[in-house]
Every structure is written in structure tokens, then in C-alpha cells.
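The next block holds one structure in the form of C-alpha cells; read it before the comments.
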Amino acid sequence: MKVVLEQLAPHLLTVACYDREVNCRRAASAAFQENVGRQGTYPHGIDIVNTTDYFALASRSNSYLSVAVSVARYKEYVYPFAEELLCNKITHWEKSLRELAAQALALLVQYDMDYFSGHALKKLIPCTLSSDLCTRHGATLAAGEIALKLHQLGFIFTTDMQRGLSGIVPAIEKARLYRGKGGEIMRSAVSRFIACISMAAISLNEKTKRSLVETLNENLKHPNSQIQCAAVDALKHFIPTYLVSAGEKIANDVISKYVTLLDDPNVAARRGGALALGILPYEFLLLKWMPVMSKLCSSCTIEDKADDPDAEARVNSVRGLILVCETLTSNVDQSSDIGESVYAYIKVEVMPALFRALDDYAVDNRGDVGSWVREAAMDALERCTFILCKRDAVAVRAAPAAEDESEPSDMDANAISTTCQLFDSAIAQGLVAGIAKQAVEKIDKIREIAVRTLQRILYNQEQFVPSIPYRKLLEEIIPNNSDLEWAVPTVSYPRLVKILQASCYSKPVLSGLVISTGGLQESLRKASTSALVGYLQDSSINIDDKGKSREYLLSHDILWVLQRYQKCDRVITPTLKTIETLLSKQVFLNKEGHGDFYSELVNLLGPELKGSKDFTKLCAGLSILGYISSQLDGTGTKAFSQLLVFLGHRYPKIRKAAADQV
């Protein structure tokens with residue numbers, strides 16, 4: 175019976191670790207456990223039973239990448255496992271399972287490098303040209319992963335092995351396996367293979383290098399984002415390994431090619447070009463860092479390609495830009511002329527470009543695609559902030575006069591740090607105002623990301639961020655607490671609306687808040703409006719106490735929003751609805767305190783309502799005019815006159831709404 179059990183055990187464990195279905199994996203594990211308990215003669219049975227338990231096998235990736243690797247340390251099982259992966263799993267019909275099998279195969283290399291460098295690779299390399307898509311895709315991935323793992327374990331490749339590995343991609347191209355069905359799948363696999371042999375430092379001749387670069391550049395311009403990302407990841411390893419030592423001419427050609435892609439009429443090429451610039455090594459960027467950063471800065475904004483805007487290209491430009499900044503600043507000598515120029519450029523050009531990206535509200539048939547750009551911009555602004563603050567901290571420590579000075583712990587608008595040279599109060603104010611604006615807008619995900627970003631800026635333990643106006647107020651509103659659910663409107667708005675107390679943040683924050691208070695989503699509108707009204711009714715002393723009520727300060731901020739966003743219905747319509755709601759709740763109805771507000775509001779409403787066909791906007795405007803008309807002064811008369819004009823409007827609904835107000 176022992177002989178039979180020794181033959182049965184590898185088969186049961188192969189199913190337990192590598193079967194596609196969780197029920198089959200668990201059934202095989204249960205059968206193995208039952209036999210261990212009854213027979214007691216399975217090799218290493220008790221240890222394996224503890225490893226292949228019911229819950230460990232629930233996740234397929236955990237089964238492949240953890241459980242199977244633990245079991246394979248026993249020599250009785252490593253070869254059956256390897257054969258199962260080589261013969262069945264890397265040729266499986268499911269793409270994700272083939273990718274998982276290739277990773278799992280690489281993790282078994284540690285148990286017998288000779289077996290995998292010999293038998294396994296010799297079997298896989300011819301399969302990369304198989305007529306069956308599943309076979310060649312899995313073989314290409316597995317060959318690359320095994321080569322990389324062998325290199326990491328210190329294996330020395332023979333000349334023949336390197337020649338065989340380096341010839342895989344040219345052979346695939348020669349066989350035209352990128353065309354037809356499965357071409358996209360093979361492109362991703364080839365990009366991953368190139369990344370693996372680059373990290374393994376496989377020797378390539380010049381012709382092969384050119385061929386691989388052309389392949390990656392083609393994949394970089396592919397409309398499929400997964401193929402683009404795979405190509406970028408491959409370039410990230412390929413360029414330092416094979417091209418950095420090729421000389422300045424090659425470097426300049428590569429940079430020029432990717433910068434040119436940012437102006438390509440093909441949007442996919444623009445997306446890929448931006449990502450490629452972001453992964454260039456320091457040795458390349460040092461040659462043309464300013465043209466690269468300048469082009470990425472201009473590509474971050476929607477105005478760059480107004481005739482053919484593409485949100486993904488702008489997102490990639492923002493991501494590429496911050497990667498370039500981090501690569502340069504982490505390697506350049508800060509005291510050198512180039513170092514000073516790089517940091518100055520980040521302050522003068524990069525930060526303003528990111529602030530413009532933070533104001534991207536583009537919309538297409540997919541919805542608010544500008545939110546992708548804003549999300550990337552918030553991440554980039556945070557990282558740029560730490561770059562500048564780190565540079566300033568180094569400069570302060572290097573200054574002899576500042577050796578004995580302690581670092582400030584709290585800063586407000588009247589106590590700005592004099593030690594910060596690059597990250598000054600103006601940038602700090604714009605940074606907090608821009609991110610706080612996102613924290614009160616309508617998209618739950620963006621709100622949470624914005625608040626988490628502000629938390630990291632305020633409470634970062636590694637790098638103190640100075641010069642933030644009203645820091646104490648912000649820390650009271652946004653505590654260093656990870657448990658608060660900022661995406662929940664009833665949690666976030668009662669806190670964040672208090673930022674309106676700070677005069678330097680109130681206008682931008684209000685321009686974001688009105689999007690929620692005057693929006694279409696009922697629950698969001700109720701929560702944000704309730705928080706705003708509660709803030710106005712709070713009798714606490716304002717932080718900028720100049721004898722002005724919160725209503726008075728809010729009225730001036732509302733007028734600023736109406737002036738700043740004239741004819742921009744995205745902001746104006748919800749702002750008018752917000753004013754209407756506040757008036758209905760008896761806010762701004764103090765005639766003595768708000769006479770100037772009414773007068774200016776009527777003046778601004780005229781141009782906004784004239785010629786408009788937006789029913790929601792017109793109704794909100796007419797309702798506001800109705801409230802103001804009740805005032806017995808010149809402003810009320812002027813508002814009433816405007817109402818009378820709409821009695822002759824061409825749309826019956828507008829005429830009726832105007833008549834109701836009259």
C-alpha cells in the first residue's frame with residue numbers, strides 16, 4: 175500500500191494546489207488529509223496537511239504562489255508540480271491562469287536550477303512559436319520568468335542559453351505572431367519577456383537590441399492600456415541595461431522620439447510617450463531635462479490639445495512629470511548649477527502646471543473623466559511638495575546661521591517660515607486650497623483621496639511641511655485619524671465646511687462646495703446643505719473675526735464664485751441653486767446687512783440668465799429674483815423688472831415660473 179500511496183500523493187497535491195476550481199482544490203486536500211489520517215504513510219503527510227488547509231486554498235493565487243511552493247520543498251513533489259505546470263497549466267485556455275502558472279513555475283526554480291535551466295527552458299523555447307495561441311503565450315511568459323529567477327539565484331547562463339533566449343522575440347516577429355487573433359495577448363507577453371531578460375542581463379547583439387526597442391515602441395503606441403503598461407515596464411529595465419552605455423547620440427534619439435510622441439495625432443501614442451518619458455533613467459534625463467519637463471507640463475492641461483483632448487494622455491503626462499521630477503532630484507547634486515535649476519523649475523513651472531491639472535473638469539460620454547486627471551494631480555502635488563520641502567530642509571541644515579535654530583511646529587498666515595526658500599506660503603496656500611476644494615466636491619472617491627492627501631501633508635513624520643496658513647485650524651478639522659470615513663457625506667461635510675473660516679481658503683472651497691449643495695444627488699445635497707446651514711447658524715467666533723458675520727463673509731465669497739465662473743454652467747447652475755436654498759432657509763434675508771449683496775447679485779444674474787436655455791439654471795435664477803423683489807428698494811425694483819422680462823419668454827415653463835414669482 176505504501177508504494178501506491180507514494181504514487182497517489184503527488185497527484186492529489188497537484189490537484190490541491192493547481193486546479194482551477196476552488197472546490198476541486200479543497201476536495202483533493204480533504205482526500206489527502208483523510209488518507210494521511212487513515213494510512214499515516216504519506217511522505218511528510220502531517221506537515222503538508224497543515225500547509226494545504228481549507229482556507230489557504232481558497233485563493234487561487236495563494237495556492238499557486240505560496241501553498242504549492244511550501245509543499246514543493248519536499249523533493250517528492252517538486253518535479254510532479256513542475257511537470258503539471260509545464261504540460262497543462264501554461265497551455266491552459268484561461269489567460270490569467272497561464273500568467274499565474276508562469277509565476278508559479280519561476281518560484282519552483284530554487285529547488286533545482288539545473289532542471290529548469292536545462293529541461294524546462296529547452297521545452298519552452300520551441301513552444302514560443304507554437305501555432306496554438308495559449309501554448310505560445312504561456313511558453314513566452316514562463317521562459318522569461320524562469321530566466322529572471324535563475325539570474326536572481328546567481329545562475330550563470332551559457333552562451334547557447336543566452337542565444338536561445340535572445341532569439342525568441344525576433345523569431346516571434348518573423349513568424350508574424352502579433353497579427354490576427356491573439357496578437358494583443360502576445361504583445362503583452364513579449365513585453366514581459368523583454369523586461370525579464372533585461373533584468374537578467376541576457377547578452378544581446380546590436381541587431382537584436384534594435385529589434386526589441388522597435389517592438390517596445392510599437393507596443394507603447396498600442397491603444398490597449400495593458401499593452402502600454404507592459405511596454406513601459408519593459409523599457410524601464412531595458413534602457414538602463416542595454417542603452418545607457420550606448421552613448422549620448424542614442425540617448426538623445428530616444429528622448430526626442432518620446433517627446434515627439436506627445437504631439438502625435440494618435441491619442442494612444444501620446445499616452446505611451448508620456449509614460450515612457452517618466453521611466454527614463456537619470457543619465458538620459460540629464461541631457462535634456464528641461465525640454466522633457468516643459469513638454470510634459472504643457473501636456474498636463476486640456477488646452478494643450480483643445481481640438482482632440484484625451485483624459486488618459488493628460489493623466490499619463492501628470493504621472494510622467496512627477497516621475498521625472500523624482501528621478502532628477504534623487505540623483506542630482508543639489509548644490510550644483512543643474513541641481514538648483516531643476517528645483518527652481520519644479521517650483522516655477524511644474525507646480526503651476528499641476529495646479530492647472532487640478533482644475534480639469536472635462537466630461538465626455540464616460541462621465542467626469544477630468545476626475546482621473548485631478549486624482550493624479552493631487553498625488554503629484556503631494557510628492558512635489560515633499561521634494562521641495564526636503565530640499566529646503568537640507569539647505570537650512572547646511573546654513574551655518576541656522577544650526578541652532580529649532581524647526582517651527584506651527585505656522586499661520588502671520589507667521590510664515592523664513593527658512594523655506596522653495597516651498598513658500600503662496601505655494602502652500604494654493605496647495606491646500608486646491609486639494610480642500612476637491613475634498614468638498616461631489617465624487618466620494620475624490621473627496622476621500624483629497625482628505626487623505628491633506629492628512630499626509632499635515633502629519634508627515636519624515637518631512638515637515640512648513641508655511642501652511644491656518645495649520646492649527648486644519649489640524650482640528652482633519653485629525654490624524656484613519657478611522658474617519660471621509661467618503662461618507664454626513665461624516666465629511668460637517669467637518670470640512672469649517673474651512674470656510676479661513677479667508678485664504680474660503681473662496682476655492684466654496685466653489686467646490688456649491689457643486690455638492692446645488693447638485694443632483696439628493697443624499698449628497700441634503701448632507702452638504704445641512705452642514706453649510708449649520709455652519710452659518712453656529713455662534714462660534716470666526717477665526718478671522720473682524721466684526722463680520724459668517725453670512726456676510728459667505729455672501730462675498732458667493733459673489734466671487736459668480737464672477738470667477740461667469741458663463742460656466744458647471745459651477746453657475748449649482749451656485750444659483752445653492753443661493754435659492756439658502757434664501758429659502760432665511761439666510762441672507764437681513765435687508766440691512768445684505769443690501770450690497772442683493773444689488774451685485776442682480777447685476778450678475780442678468781448676463782447669466784440672458785439667452786440661457788438651461789431650464790434648471792433659469793428656474794433657480796427666477797426664484798432668486800423673486801426673493802430679492804420682495805425688498806422695498808431700488809434693488810427689489812430692478813429684480814422685479816428682470817422678472818417681468820421673462821413673462822414673455824419663448825418657453826411656456828419659463829413663463830409660468832416667472833409668473834409664479836411675480
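Using my numbering, the first residue of the sequence shown is number 175, and each one after it goes up by one. A virtual CB, placed ideally from N, CA and C, is assigned to each residue, including glycine.
For Q336, the enclosing alpha helix (DSSP H) has its first and last residue at T333 to S340. Collapsing the DSSP output to three states places G604 in a helix.
Apart from sequence neighbours up to five positions away, the residues of its chain that approach D618 with a beta-carbon distance below 7 Å are A661, ordered along the chain. Here G808 carries a helix assignment [DSSP, helix/strand/coil]. Residue pairing of G421 in beta bridges, as defined by DSSP: absent, with no partner found.
Counting only residues of its own chain and dropping the five nearest sequence neighbours on each side, K812 has a CB closer than 7 Å to the CB of V776.
Excluding its 5 nearest sequence neighbours in each direction, F762 has C-beta neighbours in its own chain below 7 Å: E725, S729, L756, H768 and F771, listed in chain order. Sixteen is the threshold: since fewer than 16 other Cβ atoms of the shown chains lie within 10 Å of the Cβ of L694, the residue is exposed.
DSSP, reduced to helix, strand and coil, places G541 within a strand of the structure shown.
For G795, the enclosing alpha helix (DSSP H) has its first and last residue at F789 to S803.
When DSSP states are grouped into helix, strand and coil, I264 belongs to the coil group. Around the beta carbon of A321, a 10 Å sphere encloses 16 or more other beta carbons of the protein chains shown; the residue is thus reported as buried. Between the alpha carbons of D437 and R444 lies a gap of roughly 7 Å. Shown here, F814 sits in a helix according to DSSP, grouped into three states. Its Cα nearest to that of V665, the residue V625 stands out among V688, Q675, A204 and V625. Shown here, K741 sits in coil according to DSSP, grouped into three states, outside any helix or strand. Approximately 6 Å separates the beta-carbon atoms of L792 and L783; this is inside 8 Å, confirming the contact.
Taking all protein chains in view, the Cβ of R565 is crowded by 16 or more other Cβ atoms within 10 Å, so the residue is classified as buried. The residue among D553, G356 and I368 with its C-alpha nearest the C-alpha of Q336 is I368.
Less than 9 Å separates the beta-carbon of T475 from that of A527.
If you ignore the 5 residues before and after L435, its C-beta comes within less than 6 Å of the C-beta of A443 and G447, all in its own chain and listed in chain order. Annotation for G452: the continuous alpha helix (DSSP H) segment containing it runs V441 to G452. DSSP, reduced to helix, strand and coil, places H293 within a helical segment of the structure shown.
The continuous alpha helix (DSSP H) containing R384 extends over residues E380 to L394.
Remark: C-beta atoms of H218 and Y253 do not approach each other more closely than 9 Å.
In terms of Cα proximity to V639, the closest of V614, K611, Q675 and L596 is L596. Contact check for R493 against L454 fails: the beta carbons are separated by 9 Å or more.
DSSP, read as helix, strand or coil, puts C474 in coil. Beyond the five residues adjoining it in sequence on each side, I798 comes within less than 6 Å, by CB distance, of I753 and E754 in the same chain, given in chain order. Contact annotation: the segment 340 to 347 does not touch the segment 285 to 297, with fewer than three C-beta pairs closer than 8 Å. Taking one beta carbon from each stretch, the segment 412 to 422 and the segment 379 to 393 have 3 or more pairs nearer than 8 Å; the two touch. For F412, the enclosing alpha helix (DSSP H) stretches over residues S399 to F412. Ranking A567, Q635, L647 and L698 by CA distance to the CA of R621 puts L698 first.
N398 is not a Cβ neighbour of V364, given a cutoff of 9 Å. One thing to note: D534 has its Cβ no nearer than 9 Å to the Cβ of G608. Contact between L179 and Q213 is confirmed by a C-beta separation of about 6 Å, below the 8 Å threshold.
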